[in-house]
């Protein structure tokens, strides 16, 4: 009972903040609405007893990705006035498409075409069930290779992002190490034979 | 018979040719001459040895020396068929080649391409030997083409001369036309026997003759006739029969030694040899043999006429060669193959002799070839004079000389034949005797007798030739004199050729003549009462009259005969036709195809057209790329919705 | 009781919202990127729901990967956006049409 109430209330907040994301004029407000979406999703996932992922969602998505979004939003210094002239003449088509998508997906679910009974509840979990342990076991055994690849993907993303946006500072005096190393003694020093006692060479 | 020794016969000249050709500078002029002469001399000795062994009763050799490849169950091999026929040819080829090699030392003495020349004539010897020793069509064709290539190289030896380049190109192209027919003939044999070797074709000849070749649009051609006609087209090209004769007079652009070697004694006789070798096939096609007969007769007579009006000493001998090749072809057409080969042999000797003598005269006259500027050379070049006289008498068929025996037997054989066209052939060859005598002695008298018409320049530089050039003349004069008398009996009537030539009993005219044969001397005496002899004498006398006695009459005759003279001088307009009709049509066709096909279709439609079409299409299609992020997203989502709908509502 | 149907419906709603967001937003590329995040969130919802209700943990594992990919993609997307802003001084979607054919 409690679970249902929690579910419905948080679901409502989720949908409302989602609508907020797409309709707000101010991009900062939009980003913050998205953060609220993620928080409520995390709660909902906890209700489903996928608590590890819920925390991960908050830490990674909100903590990293959305922070990044906010950085960029602040940095770009966007003129809010301009954006106010926002709504497009295709809005009506957008709502129609939205309704269609919802109808289709729900239709799929309701008409029992998924091959699984969608009206039953979840099976109860055993007493010593630990979501983290289960997830960890799977990740370290069956999906170990995939995780490595995902790590490489992140590395590539880092490099790509830096490569795209790095602006070298102008007027910087930098040492050219390879030129320094390639110097030969003959370039710096010349031995001159001088007669002892007297006169310029 | 040792296959290795047989292999040495063609390979020695080849090796010498490669040495002289590639290392010419290294081994020097003397070295090139020495190595090639030694190689050809060795081949000659070995060939004589082979011939001798065969005469002694050795069974000959028919086998494969090397298998090159096997394609589609047809093996392509290098093999030798050594029987009486090929041994005879080998001996003739190597002997004449040796004489020409020695002659070249003197003739090409001042030429910069000395080693190259030796390499070429050695290479030619190799190619000709491969041709005559072959035991399968592929090798025959290889030799055929190879001699054609070397002939091309040699005709255009002085390649900076435009006329030489024109001539060698012409020779090669006309030969090619013949080779096309030849290939068709070989293909026909391959089709019916499934093999390129001679023996299966010879054994299956009667069966092949029973087949009908189905040609769309006609009722079908008898297979053997079609094959033999195609093979004969090849012989027409190589042995310069009408209408593929046009290359031979132009081939006189090459140095005289090669005119002697290639265009008198050996290469042009390849066609004759081939038909004789294919006698088991030709015997089964009356039509083909009749065609051979008619074409040969036409060549024999009408080419002789051209020799009468020409003033270039080499060209007169060239037309003589054409005429004599016609004679040999007539003999083949009359099923007298052995006579044809006999005439081939004697002709090789005396014609080579005549060419080399002409070459000696040319060198002595410091490269002057026009007979109108010669005269009275008799006392100044005695050896040349006497050897040339022997050759001329042999050519016109004076009794006891070698040419007499072969020619007269030939005329008798044609007379005895009952084949369609044989009467026409008989008339042609008999009339040809007069014509031959006339132009031969016209040439002889103009060059050696009478007043000296040498101009100032020639007088200054005149010198008789050295012994390197005279020795071959003598060496060739001896067989021209004697070989007929001694070999006619055994060769024609003594079964010399044995199984290498097959004649069906119904056609065997040589056997018919043989019944009346009473020995060489008797043959000669008997002929003194026959028509050919008197025609020959009449020819000599006419020549004497018009050249020495009343030259003004000759000029008058030339005037009177106006148009006839013009036709003869223009060589019956064959060259005009080839150059202005065929060549021009070919060039026009090429141009039309280039413009219409290459430029318009391939470049225009296919290449540029496809690019253009693609460009046009891309130009239209690029408007889909609006660059507008929003519309891309829009279309993606619309697509997604449709996809979902499809998933949902498909039945 | 929360059923699978509830979760899936919720996820469908989120998905539809993000699609609508892409449609109706024309002036702000940032909003576009945020809608993509919402889209990925709805997918994640689906995965978690199925993982729970079918008793397998693989669905949750996949959420990890989606998280990774989403993070990488938003990082690079924002980097591109920043560079674009430096050049153009504008983030209007309509102005980004230089790739016009």
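Residue numbers (the working numbering), protein chains in the order written: chain B, 1 to 201; chain D, 1001 to 1651; chain U, 2001 to 2101. Note that CB positions come from ideal geometry on N, CA and C, so glycine has one too. Everything numeric in this text was worked out from a predicted model, so none of it was measured.
Cβ distance (whole Å) where residue i is taken to contact residue j below 8 Å
i: residue 157 (chain B); j: residue 2075 (chain U); result: 5 Å
i: residue 1020 (chain D); j: residue 1032 (chain D); result: 4 Å
i: residue 1058 (chain D); j: residue 1001 (chain D); result: 6 Å
i: residue 1280 (chain D); j: residue 1587 (chain D); result: Incorrect: roughly 42 Å between the Cβ atoms, too far for contact.
i: residue 153 (chain B); j: residue 2078 (chain U); result: No, residue 153 (chain B) and residue 2078 (chain U) are not in contact; Cβ-Cβ is about 16 Å, not under 8 Å.
i: residue 1282 (chain D); j: residue 1275 (chain D); result: 6 Å
i: residue 2016 (chain U); j: residue 19 (chain B); result: Not a contact, Cβ separation roughly 11 Å.
i: residue 1520 (chain D); j: residue 1489 (chain D); result: 6 Å
i: residue 1186 (chain D); j: residue 1141 (chain D); result: 6 Å
Close Cβ partners of residue i (< 7 Å) along its chain, the five nearest in sequence each way excluded
i: residue 1607 (chain D); result: none
i: residue 1091 (chain D); result: 1047, 1048 and 1051
i: residue 1316 (chain D); result: 1307, 1310, 1439 and 1443
Nonlocal neighbours in the same chain, by C-beta distance under 6 Å from residue i, ignoring five residues either side
i: residue 1417 (chain D); result: 1334 and 1509
i: residue 1012 (chain D); result: 1039, 1042 and 1043
i: residue 1017 (chain D); result: 1119, 1122 and 1123
i: residue 2047 (chain U); result: 2059, 2062 and 2063
i: residue 1197 (chain D); result: 1136
Best match in the options for proximity to residue i [C-alpha to C-alpha]
i: residue 1496 (chain D); options: D:1014, D:1216, D:1077 and D:1084; result: D:1084
i: residue 1265 (chain D); options: D:1089, D:1454, D:1206 and D:1649; result: D:1089
i: residue 1202 (chain D); options: D:1504, D:1422, D:1595 and D:1594; result: D:1504
i: residue 58 (chain B); options: B:35, B:197, B:71 and B:123; result: B:35
i: residue 1427 (chain D); options: D:1498, D:1461 and D:1302; result: D:1302
i: residue 1182 (chain D); options: D:1623, D:1145 and D:1438; result: D:1145
i: residue 1104 (chain D); options: D:1356, D:1225 and D:1217; result: D:1356
i: residue 1178 (chain D); options: D:1244, D:1130 and D:1156; result: D:1244
i: residue 1534 (chain D); options: D:1437, D:1622 and D:1575; result: D:1437
i: residue 2022 (chain U); options: U:2012, U:2037 and U:2010; result: U:2037
i: residue 1354 (chain D); options: D:1339, D:1385, D:1287 and D:1371; result: D:1385
i: residue 1532 (chain D); options: D:1628, D:1476, D:1572 and D:1410; result: D:1410
i: residue 2096 (chain U); options: U:2054, U:2027 and U:2039; result: U:2027
i: residue 1250 (chain D); options: D:1591, D:1170 and D:1102; result: D:1170
i: residue 2006 (chain U); options: U:2042, U:2069 and U:2086; result: U:2042
Check whether residue i and residue j have beta carbons under 7 Å apart
i: residue 1307 (chain D); j: residue 1330 (chain D); result: no
i: residue 33 (chain B); j: residue 17 (chain B); result: yes
i: residue 2100 (chain U); j: residue 1631 (chain D); result: no
i: residue 13 (chain B); j: residue 2008 (chain U); result: no
i: residue 1363 (chain D); j: residue 1465 (chain D); result: yes
i: residue 1450 (chain D); j: residue 1304 (chain D); result: no
i: residue 1375 (chain D); j: residue 1453 (chain D); result: yes
i: residue 73 (chain B); j: residue 31 (chain B); result: yes
i: residue 1014 (chain D); j: residue 1076 (chain D); result: no
i: residue 1373 (chain D); j: residue 1455 (chain D); result: yes
i: residue 2004 (chain U); j: residue 2051 (chain U); result: no
i: residue 1574 (chain D); j: residue 1246 (chain D); result: yes
i: residue 42 (chain B); j: residue 54 (chain B); result: yes
i: residue 1391 (chain D); j: residue 1480 (chain D); result: yes
i: residue 1653 (chain D); j: residue 1445 (chain D); result: It is not possible to answer for residue 1653 (chain D), since the shown part of chain D is limited to 1001 through 1651.
i: residue 1318 (chain D); j: residue 1389 (chain D); result: no
i: residue 1346 (chain D); j: residue 1402 (chain D); result: yes
Same chain, Cβ closer than 8 Å to residue i, five either side skipped, listed in chain order
i: residue 1404 (chain D); result: 1394, 1397, 1398, 1484, 1524 and 1527
i: residue 1188 (chain D); result: 1213, 1223, 1226, 1227 and 1230
i: residue 38 (chain B); result: 57, 58, 61, 62 and 66
i: residue 1294 (chain D); result: 1333, 1421, 1424 and 1425
i: residue 86 (chain B); result: Note on residue 86 (chain B): pLDDT 49, under 50, position unreliable in the model; the coordinate value appears next. The residues are 25.
i: residue 2081 (chain U); result: 2029, 2030, 2033 and 2091
Please go through the segment 1525 to 1550 of chain D and give each complete alpha helix (DSSP H) segment of 4 or more residues, from N-terminal end onward. Unbroken alpha helix (DSSP H) runs of no fewer than 4 residues, entirely contained in the segment 1525 to 1550 of chain D, are found at 1531 to 1544, following chain order.
Alpha helix (DSSP H) runs contained entirely in the segment 1237 to 1293 of chain D, provided each spans 4 or more residues: 1247 to 1250, 1256 to 1260, 1269 to 1277 and 1279 to 1282
Which runs of the alpha helix (DSSP H) at least 4 residues long sit entirely within the segment 2001 to 2059 of chain U? Give them in chain order. 2004 to 2024 and 2029 to 2054
Please give me, in chain order, every unbroken run of the beta strand (DSSP E) with length at least 3 that falls completely inside the segment 1054 to 1092 of chain D. 1061 to 1071 and 1074 to 1082
Chain E contacts from the segment 2001 to 2027 of chain U (Cβ-Cβ distance under 8 Å): Here chain E cannot be found, since the structure's protein chains are B, D and U.
Mind pulling the alpha helix (DSSP H) runs of 4 or more residues that sit fully within the segment 1425 to 1463 of chain D? 1456 to 1461
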